[in-house]
Amino acid sequence: MMKKVIYFSLFFCFHIGVSQTDVDYESTMKTIISSYNANDAQKIFDQFSADLQTTFTLDKVKEFVAKNMDSQGKFSEFDLMDQDEGYRYLVQSDSDSVILVIALSPDLKLTKFLME
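In structure tokens form, the structure reads like this:
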């Protein structure tokens, strides 16, 4: 019985230690929005996991920021829509709204960064 309690406790502690919370996602979104508005592609890129950095290079992030800044303007507020295959946020911009989908790794790096 004691072993079960210890294993359960270890599992619970491990789960809490590596779980991403809504606060983590909100903090990441704030960093993305402020970096985007400051035209700081490097800071957005630095939030990416190593795997995402290989497929979504710094040059692609710079292009993403420049292209969307031209067409959308600055981003303002964001609201969580759902958590299906990543956290989907409705992001308001100067001219319209977009959907940004992100997912975080256990070490809080972006593993998904996609505009729908």
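Following this note's numbering, the numbering of the sequence shown begins with 24 at its first residue and continues without gaps.
Virtual Cβ for every residue (Gly too), placed ideally from N, Cα, C.
#1: Have a look at D47 and F68 and give me their C-alpha separation to the nearest angstrom.
#2: Can you give me the C-alpha to C-alpha distance between K85 and A64, rounded to a whole angstrom?
#3: Thinking L133 and F71 are a contact (beta carbons under 8 Å), I'd like their distance in whole angstroms, please.
#4: Report the three-state DSSP secondary structure of S57 (helix, strand or coil).
#5: Per the DSSP calculation, I122 is bridged to which residue(s)?
#6: Can you name the start and end residues of the beta strand (DSSP E) that F68 belongs to?
#7: Taking the alpha-carbon of D45 as reference, which of N60, M104, L75 has the nearest alpha-carbon?
#8: How is the beta strand (DSSP E) around D136 delimited, first residue to last?
#9: Just to confirm, is the Cβ distance from I56 to F101 under 8 Å?
Looking at the atomic coordinates:
#1: Translated into the one-based positions of the sequence shown, residue 47 becomes position 24. Translated into the one-based positions of the sequence shown, residue 68 becomes position 45. When rounded, the distance between both Cα atoms is 17 Å.
#2: The residue you call residue 85 lines up with position 62 of the sequence shown. The residue you call residue 64 lines up with position 41 of the sequence shown. About 5 Å.
#3: In the sequence shown, residue 133 corresponds to position 110, counting from 1. In the sequence shown, residue 71 corresponds to position 48, counting from 1. Between F71 and L133 the Cβ distance is about 5 Å, and since that is below 8 Å, they are a contact.
#4: Indexing the sequence shown from 1 puts residue 57 at position 34. S57: helix per DSSP, three-state reduction.
#5: What you label residue 122 is simply residue 99 of the sequence shown in a count that begins at 1. Note: I122 sits in a beta bridge opposite L113.
#6: Reading the sequence shown from its first residue, position 45 is the one you call residue 68. Segment 64-69 is the alpha helix (DSSP H) holding F68; no beta strand (DSSP E) there.
#7: On the sequence shown, residue 45 is found 22 positions in, with the first residue counted as 1. Comparing Cα-Cα distances from D45 to each of N60, M104, L75, the minimum goes to M104.
#8: Here residue 136 corresponds to residue number 113 of the sequence shown, with the count starting at 1. Rather than Asp, the amino acid found at residue 136 in this sequence is Phe. Segment 133-138, the beta strand (DSSP E) holding F136.
#9: For this step, residue 56 is matched to residue 33 along the sequence shown. For this step, residue 101 is matched to residue 78 along the sequence shown. Yes, these two residues count as a Cβ contact at 8 Å.
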